[in-house]
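So the structure is just underneath, and the comments pick up after that.
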Amino acid sequence: MDFDLTDLRLFDAVLRAGSITAGAQAANLSLAAASTRLRDLELRHGVQLLERHRRGVRPTPAGVALQDHARRMLAEARHLQSALQQYSRKMAGELRLAVNTAALFHDLPEILAGFLREQPNFSVTLTELLSRKTAEALARGEQDIAIMSDQADLSGLRTRPWREDRLVAALPANHPLADRASVDLAAIADEDFVGLAPESALQQHVEERAATGARRLRVRARMSNAQLLLRMVAAGAGIAIVPQVLMKDPAAGLTCVPLTDPWSRRTLHLAWSAEAALPKAAEQLIEHLMQAADAPQN
């Protein structure tokens, strides 16, 4: 039996979304075209794949089996496409690396620069994503490797612990809370804040956690990078939530207080899809990152 990749991609999208309408949109198909494809898929193979309900769809046992195989086939197809593209490009080792904001502060640019010096035929495209979105990107084959927090769902991924990460409150040195041994987010939620840009994965993470506690942070200024953010904090514009590694040698006028919230302590993991073969270049990058994991950070 022949399987069309468009049908498989659509079927997987429908089950991920829980509805044909949303699945069709995710697969860039009209609702009518998607419905026809799904109906033809069932007729062609003589088995019902979806249970249709007023609130959406659920897979039948046959549908569960098809989705499982479809995801593996789609992942293999993506890797095949990637392998062929390597031959169409002069650069045979093009890698896609997704990271959360915290990873960027763990001397990652220096680590990647060292890797590129050692591997002149490789290139790396770095994308900043929330950890939970990174897991989805890996599953869809949009990224080869990721550095992500263990607070995301790591099921379906192969992982290796990389580094510990802790979030702290960066404060002006003369702030009333500067002498505290620790604080939780609730204790500082009514303060003025300085944040990173809205698209920053770290900023989204912090503001989502505040919203979970029914709090909305008063962000008075948003900066494009960490250096500007810390300068604003030192000047008294507000508090910032940053990775502790940024505050190892705080500038004059700055101090930090550890957060006690459980979400503020994370393990960063290297992660990649468990469903498809890892490109050789990606394996080499993983080993390079692991060798750097225990190295002193500048």
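Each residue of the sequence shown is one higher than the last, beginning at 1 in the UniProt record's numbering.
For every residue, glycine included, the Cβ atom is placed at its ideal position computed from N, Cα and C.
Computed from a predicted model, the values in this text were never measured in an experiment.
### Message
Closest to Asn225 by C-alpha separation, out of Ser200, Gly253, Ala210, Ala235, would be which residue?
### Response
As a first step, residue 225 must be located in the sequence shown, where it is residue number 225. The shortest Cα separation from Asn225 among Ser200, Gly253, Ala210, Ala235 belongs to Ser200.
### Task
Look at the alpha carbon of Trp272 and the alpha carbon of Ala77, and state the distance between them as a whole number of angstroms.
Position 272 of the sequence shown, counting from 1, holds the residue named residue 272. Position 77 of the sequence shown, counting from 1, holds the residue named residue 77. Cα to Cα, Trp272 sits roughly 16 Å from Ala77.
### Query
What distance in whole Å lies between the Cβ atoms of Ile147 and Leu285, which are believed to be in contact at a cut-off of 8 Å?
Within the sequence shown, numbered from 1, the residue matching residue 285 stands at position 285. Within the sequence shown, numbered from 1, the residue matching residue 147 stands at position 147. Contact flag wrong, Cβ pair sits at about 11 Å.
### Task
Label Gly23 either buried or exposed according to how many other C-beta atoms from any shown protein chain fall within 10 Å of its C-beta, with 16 as the threshold for buried.
By one-based count along the sequence shown, residue 23 stands at place 23. With 16 or more other Cβ atoms within 10 Å, it is buried.
#### Entry: Extent of the continuous alpha helix (DSSP H) run through Thr60
Here residue 60 is taken as the residue at index 60 of the sequence shown, counted from 1. Neither: Thr60 is in no alpha helix (DSSP H) and is coded neither H nor E.
### Query
Taking the alpha-carbon positions, what's the Ile239 to Val233 distance?
Numbered from its first residue, the sequence shown carries residue 239 at position 239. Numbered from its first residue, the sequence shown carries residue 233 at position 233. C-alpha separation (whole angstroms): 6 Å.
### Task
Quick one: measure Cβ to Cβ for Ala70 and Leu8, integer angstroms, because I've assumed they're closer than 8 Å.
Translated into positions along the sequence shown, residue 70 becomes position 70. Translated into positions along the sequence shown, residue 8 becomes position 8. Going by Cβ atoms, the distance from Ala70 to Leu8 rounds to 4 Å, so yes, they are a contact pair.
### Task
Compare the beta carbon distance of Phe115 and Leu289 with 9 Å and say whether it is the shorter of the two.
By 1-based counting over the sequence shown, the position of residue 115 is 115. By 1-based counting over the sequence shown, the position of residue 289 is 289. Their beta carbons are under 9 Å apart, which means Phe115 touches Leu289 by this criterion.
### Query
Assuming Ala189 contacts Arg158 under a Cβ cut-off of 8 Å, what Cβ separation, rounded to an integer in Å, is found between them?
Position 189 of the sequence shown, counted from the start, is the residue given in the question as residue 189. Position 158 of the sequence shown, counted from the start, is the residue given in the question as residue 158. Contact flag wrong, Cβ pair sits at about 37 Å.
### Task
Let me know if Val242 comes out buried or exposed under the rule of 16 or more other beta-carbons within 10 Å of its beta-carbon.
Start at 1 with the first residue of the sequence shown, and residue 242 comes out as number 242. The residue is buried, with at least 16 neighbouring Cβ atoms inside 10 Å.
#### Entry: Buried or exposed by the 16-neighbour rule on C-beta atoms within 10 Å, applied to Arg160
Residue numbering aside, residue 160 sits at position 160 when the sequence shown is read from its first letter. The residue is exposed, with fewer than 16 neighbouring Cβ atoms inside 10 Å.
#### Entry: Proximity of Gly95 and Asp40 at Cβ, strictly below 9 Å
On the sequence shown, position 95 is the one that residue 95 refers to. On the sequence shown, position 40 is the one that residue 40 refers to. Note that residue 95 is Leu in the sequence shown, not Gly. The answer is no: Cβ separation not under 9 Å.
### Task
Identify, in the order they occur along the chain, each residue of the same chain with its Cβ nearer than 6 Å to the Cβ of Val219, setting aside the five sequence neighbours on each side.
The residue you call residue 219 lines up with position 219 of the sequence shown. The residues are Phe193, Gly195.
### Message
Classify His45: buried if its beta carbon has 16 or more other beta carbons within 10 angstroms, exposed otherwise.
### Response
As a position in the sequence shown, residue 45 is number 45, starting the count at 1. Burial call: exposed.
#### Entry: alpha helix (DSSP H) runs wholly inside the stretch 211–276, at least 4 long, in chain order
226–234
### Message
So within the UniProt domain "HTH lysR-type" (3–60), which uninterrupted beta strand (DSSP E) runs reach at least 3 residues, ignoring any that extend past its ends?
### Response
50–53, 56–59
### Query
Given that a residue counts as buried once 16 or more other Cβ atoms are within 10 Å of its Cβ, and exposed if not, what is Gly156?
Numbered from 1 along the sequence shown, position 156 holds the residue referred to as residue 156. The residue in question, Gly156, is exposed, as its Cβ has fewer than 16 Cβ neighbours within 10 Å.
#### Entry: Option nearest Ala252 by Cα separation, candidates Lys133, Arg140, Ala235
Within the sequence shown, residue 252 is the residue found at index 252, counting from 1. Of the listed residues, the one whose Cα sits closest to Ala252 is Ala235.
### Message
Spatial neighbours of Leu97 within its chain, please: C-beta separation below 6 Å, excluding the five flanking residues on both sides.
### Response
As a first step, residue 97 is located in the sequence shown; it is residue number 97 there, counting from the start. Around Leu97: Val124, Leu126, Ile145.
#### Entry: Boundaries (first-last residue) of the beta strand (DSSP E) holding Arg96
In the sequence shown, residue 96 corresponds to position 96, counting from 1. First-last of the beta strand (DSSP E) with Arg96: 93–99.
### Message
With the cut-off set at 9 Å, would you say Val14 and Leu43 are in Cβ contact?
### Response
Here the question's residue 14 lines up with position 14 in the sequence shown. Here the question's residue 43 lines up with position 43 in the sequence shown. For Val14 and Leu43, no; Cβs fall outside 9 Å.
### Query
Rounded to the nearest angstrom, how far is the Cβ of Ala181 from that of Met247, given a contact under 8 Å?
Residue mapping note: residue 181 aligns to position 181 of the sequence shown, counting from 1. Residue mapping note: residue 247 aligns to position 247 of the sequence shown, counting from 1. 15 Å between Cβ atoms; not a contact.
### Task
Please name the residue in Leu202, Pro198, Ala237 whose C-alpha comes closest to that of Arg132.
Translated into positions along the sequence shown, residue 132 becomes position 132. Closest option to Arg132, Cα to Cα, is Leu202.
### Query
CA-CA distance, Ile20 and Leu38?
The residue given as residue 20 occupies position 20 in the sequence shown. The residue given as residue 38 occupies position 38 in the sequence shown. Distance between the alpha carbons of Ile20 and Leu38 is about 9 Å.
### Query
Excluding sequence positions up to five away, which residues of its chain have a Cβ less than 6 Å from the Cβ of Arg72?
On the sequence shown, position 72 is the one that residue 72 refers to. The residues are Glu275.
### Simplified DSSP assignment, three categories, for Leu126
For this step, residue 126 is matched to residue 126 along the sequence shown. The answer is strand: DSSP assigns Leu126 an E or B state.
#### Entry: For Gly195, the three-state DSSP class (helix, strand or coil)
For the purposes of this step, residue 195 is identified with residue 195 of the sequence shown, where counting begins at 1. It is a strand residue.
### Ser149 (DSSP reduced to helix, strand or coil)
Working through the sequence shown from its first residue, we reach residue 149 at position 149. Residue state, collapsed to three classes: strand.
### Own chain partners of Leu237 with C-beta closer than 8 Å, once the 5 adjacent residues on each side are dropped
Here the question's residue 237 lines up with position 237 in the sequence shown. The question names Leu, yet the displayed sequence has Ala at residue 237. Excluding residues within five positions, the ones whose Cβ falls inside 8 Å are Asp192, Val194, Arg220, Ala221.
### Task
Flag this pair as yes or no: are the beta carbons of Asp184 and Thr260 separated by less than 9 Å?
What you label residue 184 is simply residue 184 of the sequence shown in a count that begins at 1. What you label residue 260 is simply residue 260 of the sequence shown in a count that begins at 1. Contact flag set, yes.
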